[in-house]
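So the sequence shown is residues 9 to 472, counted in my numbering.
Ideal Cβ placement from N, Cα and C applies to all residues, glycine included.
Right, one structure below, let's go through it.
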Amino acid sequence: MKHATRAWAAAMALAVGLGAVLVGGCAQTVGTGKGAPPPLAPASLTTNAMTVQWQSKASLAPNTHVVDVWVRGGYVLLHGSDHRVYILHAESGLRLWSADLAGEDVTLWPPAIHRDQLWFVTTTSLMGFRGTDGENIVEEVLTPGPAEAAATEPEEEEEAEEEEAVQLPSAWPGSAAARRHVTAEISRTERREAELARFLAEEQQTLELAFAPSGPPATDGAHVFVPDAKGWLQAVSLRPDLVSWGRWTDGAVTAGPVVDAARVYFAGHNGMVYASAQNMRRIVWQYQTEGAVRADLRLTDTGMVLVGSTDYSLYAFNGASGALEWDQLPNRRYNAGEPIRKPPYTFGEQIFLFTQNAGLTVLDATTGKVQWRLDVGRDLITADADTVYVMGGGNDVLAIDRTSGKERFAIPLRSGTRFGTNETGTGVLYFASPDGNVWAIARNPEAAAPAEAAEAAAPAAAGM
Numbered sequence: 009m010k011h012a013t014r015a016w017a018a019a020m021a022l023a024v025g026l027g028a029v030l031v032g033g034c035a036q037t038v039g040t041g042k043g044a045p046p047p048l049a050p051a052s053l054t055t056n057a058m059t060v061q062w063q064s065k066a067s068l069a070p071n072t073h074v075v076d077v078w079v080r081g082g083y084v085l086l087h088g089s090d091h092r093v094y095i096l097h098a099e100s101g102l103r104l105w106s107a108d109l110a111g112e113d114v115t116l117w118p119p120a121i122h123r124d125q126l127w128f129v130t131t132t133s134l135m136g137f138r139g140t141d142g143e144n145i146v147e148e149v150l151t152p153g154p155a156e157a158a159a160t161e162p163e164e165e166e167e168a169e170e171e172e173a174v175q176l177p178s179a180w181p182g183s184a185a186a187r188r189h190v191t192a193e194i195s196r197t198e199r200r201e202a203e204l205a206r207f208l209a210e211e212q213q214t215l216e217l218a219f220a221p222s223g224p225p226a227t228d229g230a231h232v233f234v235p236d237a238k239g240w241l242q243a244v245s246l247r248p249d250l251v252s253w254g255r256w257t258d259g260a261v262t263a264g265p266v267v268d269a270a271r272v273y274f275a276g277h278n279g280m281v282y283a284s285a286q287n288m289r290r291i292v293w294q295y296q297t298e299g300a301v302r303a304d305l306r307l308t309d310t311g312m313v314l315v316g317s318t319d320y321s322l323y324a325f326n327g328a329s330g331a332l333e334w335d336q337l338p339n340r341r342y343n344a345g346e347p348i349r350k351p352p353y354t355f356g357e358q359i360f361l362f363t364q365n366a367g368l369t370v371l372d373a374t375t376g377k378v379q380w381r382l383d384v385g386r387d388l389i390t391a392d393a394d395t396v397y398v399m400g401g402g403n404d405v406l407a408i409d410r411t412s413g414k415e416r417f418a419i420p421l422r423s424g425t426r427f428g429t430n431e432t433g434t435g436v437l438y439f440a441s442p443d444g445n446v447w448a449i450a451r452n453p454e455a456a457a458p459a460e461a462a463e464a465a466a467p468a469a470a471g472m
């Protein structure tokens, strides 16, 4: 991000902060989004005990529109058609910063997040930002710390002087003082060149990649793990004391990898699933599926690695050993009856799997057995403790009881509205209009929807 962009983002953040103070902390009006109607009919929201928690708006450039909404690490990110991203605080809706990340004809993936670092990958480069203020952190990767620089500079200078001393002819004309002067000038020139190189590194805002990324990244804070279309998982180092490494898979890699505290898990079109050490090229275990893996991998809260394959199977691996879970199922895997091309999602003890023909299938995470199905389920929005919110086939937002699979309510979504898949389990639904209005909508905990009240009253009435 250029200095002018950084200054503009800081000014915008200041303006938004002042605006938030002036409105007295009102949760439903943030920034300039006040007044725009929500994408779900207000009457339907009220009827079903849903409320707009906050509303905000990103200041899009002229002739651009929102193409993606990503919910990651406590942030809501709007991806514009001009590859500019706008970052909002997920809980409050406060606009934090924005940045230009790519030009035309370049693909941009959702960021990998570690603590408060956001790492974006495009088809040509890697960029890192601090989440709270948008400060570019690439220079922290490229520039050694003071202690490291102090330890290495004298050694480099001494080696340079010795090398020049060897290259000078023994019958060098002039006095010994002249000889020392020439050697000193050579040393000063090299130091200036080194200082210039460090300065240029500090000004560099991106890491140009020597390969073509082909999928969303993951990070453990020490490496960014990036799929490579030529069949590699590339581990790009984020620390001067670690080396980058790569693992070839004999097939394109487009599925997003996942990381836990010890390993990185990835898979390719060759159908092989790998678990590798994170800071070195060392495979811990691997498993051959019978089809290409194109869907992003997922981790459950208990450490299982979920992998969907085009061989119709959803696999659940023990992350540490690579052993297949679900011993009550044939071949220890769930057979979806069709290729799996979307990532599985997990909330608590349930797994939500979307396929083209079956719609939504909900599995018990412990056994892999089917709990219920929803044939009109098209994609996941989010879930709370007892309800899962999905997109239906008719562009409706469906609220489904997580235990029974019964529909609680359905609300039509305004055409063109984008939604972000929220995998945090908070139950907050995030929507954005093409022109940059953003809404956070959730169930009102102080009010029960009429349908829920009727369900609760039914057993009591039956017992009278």
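In the DSSP assignment, the beta strand (DSSP E) including Ser-321 goes from what residue to what residue?
321–326
Residue span of the alpha helix (DSSP H) that contains Leu-53, given as start and end
Note, Leu-53: alpha helix (DSSP H), 50–55.
Let me confirm a value: Asp-304 is counted as buried when at least 16 other C-beta atoms fall within 10 Å, else exposed. Which label applies?
Classified as buried, Asp-304 has 16 or more neighbouring CB atoms from the shown chains inside 10 Å of its CB.
Would you list the one or two residues that DSSP bridges to Ser-106?
Tyr-94
In angstroms, rounded to a whole number, what distance separates the CA positions of Asn-365 and Asp-141?
As the crow flies, the alpha-carbon of Asn-365 is around 44 Å from that of Asp-141.
Nearest-angstrom Cα separation, counted from Gly-327 out to Gly-139:
29 Å
Bridge partners for Asp-404 per DSSP, in chain order?
Pro-420
Would you list the residues sitting across from Trp-240 in a DSSP beta bridge?
Asp-236 and Trp-256
Tell me which residue opens and which closes the beta strand (DSSP E) that His-277 is part of.
First-last for His-277: undefined, no H or E at that position.
What is the DSSP secondary structure of Pro-338, counted as helix, strand or coil?
The three-state secondary structure of Pro-338, taken from DSSP, is helix.
I need the straight-line Cα distance from Glu-163 to Val-146, nearest angstrom please.
Its pLDDT being 42, under 50, Glu-163 is placed unreliably by the model, and nothing is read from it.
Among His-231, Asp-268 and Ala-270, whose alpha-carbon lies nearest the alpha-carbon of Gly-254?
Of the listed residues, the one whose Cα sits closest to Gly-254 is His-231.
Rounding to the nearest angstrom, what Cα-Cα distance links Pro-118 and Pro-225 in this structure?
8 Å
Lys-377 classed as buried or exposed, judged by whether at least 16 other C-beta atoms fall within 10 angstroms
exposed
Rank Asp-372, Thr-130 and Tyr-353 by C-alpha distance to the C-alpha of Gln-336 and give the top, closest one.
Asp-372
What's the C-alpha gap between Val-313 and Phe-274?
10 Å
Can you grab the Cα-Cα spacing for the pair Thr-395 / Gly-402, in whole Å?
20 Å
Hey, would you say Thr-59 sits closer than 8 Å to Ala-450, going by beta carbons?
yes
Buried or exposed: Gln-358, going by 16 or more other Cβ atoms within 10 Å of its Cβ?
buried
Determine the extent of the beta strand (DSSP E) in which Gln-379 is found, giving its start and end residues.
378–382
Under the rule that 16 or more other beta-carbon atoms within 10 Å means buried, what is Thr-227, buried or exposed?
buried
Out of Ile-408, Gly-259, Pro-347 and Thr-375, which one is the CA nearest neighbour of Ala-391?
Ile-408
In whole angstroms, what is the alpha-carbon distance linking Arg-422 and Pro-248?
49 Å
For Val-261 and Gly-279, which I take to be in contact (beta-carbon distance under 8 Å), what is that distance rounded to the nearest angstrom?
Contact flag wrong, Cβ pair sits at about 12 Å.
Taking only three categories from DSSP, how would you classify Glu-357?
coil
Determine the extent of the beta strand (DSSP E) in which Asp-76 is found, giving its start and end residues.
74–80
Between the CA atoms of Val-405 and Leu-53 - distance to the nearest angstrom
11 Å
Where does the unbroken beta strand (DSSP E) through Ala-391 begin, and where does it stop?
385–391
How big is the Cα-Cα spacing for Trp-380 and Ala-220?
In this structure, the alpha-carbon of Trp-380 lies about 40 Å from that of Ala-220.
Helix, strand or coil for Ala-431 per DSSP?
Before going on, a small fix: residue 431 reads as Glu here, not Ala. DSSP places Glu-431 in coil when its eight states are reduced to three.
Go ahead and pull the three-state DSSP assignment for Glu-216.
strand
Who pairs with Ala-415 in a beta bridge, going by DSSP?
In the sequence as presented, Ala is not what sits at residue 415; that position holds Glu. According to DSSP, Glu-415 bridges with Ile-408.
Excluding the five sequence neighbours on either side, which residues of its own chain have a C-beta within less than 7 Å of the C-beta of Pro-453, listed in chain order?
none
Using three-state DSSP, classify Ser-436 as helix, strand or coil.
Checking the sequence, you will find Val at residue 436 rather than Ser. Val-436: coil per DSSP, three-state reduction.
Give me the Cα-Cα distance between Leu-109 and His-91, rounded to the nearest whole angstrom.
6 Å
Inter-residue spacing [alpha-carbon to alpha-carbon] between Gly-316 and His-277
12 Å
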